[in-house]
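Read through the structure below, which is laid out as structure tokens, and then see the notes.
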Amino acid sequence: MTTEQTAAPLSEASVPSRRLDARTRRTRTGMLIAGPDQAFELTETAAEIWTLLDGRRTVAEIGRKLAETYDIDAETATSDVLEVLETLAASQVVTVAG
């Protein structure tokens, strides 16, 4: 049994995943995400984070991958991942375990 939360405090050890009922659409300019109450467009970086949400990677692992992709330090990348995930969790399009 796992404990999933919609808007929980996140840490580097948290394991986020996309909600199965979140709707996504790629457009010419980016990616749209729709949750139960709102829809919004993701920035390029947020869209990259979204694609890495597989329910297996921790926030720290996603941060390291983002650091490699954008050639930035892992600490900055992980901080950015946490910020994006807090918004996505509050919008009810991701769940967080751990």
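Note that our numbering gives residue 51 to position 51 of the sequence shown, counting from 1, and the numbers run on in steps of one. Ideal Cβ placement from N, Cα and C applies to all residues, glycine included. On a predicted model such as this, the values are computed, not experimentally measured, just so you know.
Pairing PRO16 with THR95 gives a Cβ-Cβ distance under 9 Å.
Using a 10 angstroms sphere on the CB of LEU20, the tally of other CB atoms stays under 16, which defines it as exposed. Annotated three-state conformation of THR45 is helix, per DSSP. Counting of Cβ neighbours within 10 angstroms places THR78 among the buried residues, the total reaching 16 or more. Beta-bridge annotation (DSSP): GLY30 is paired with THR27.
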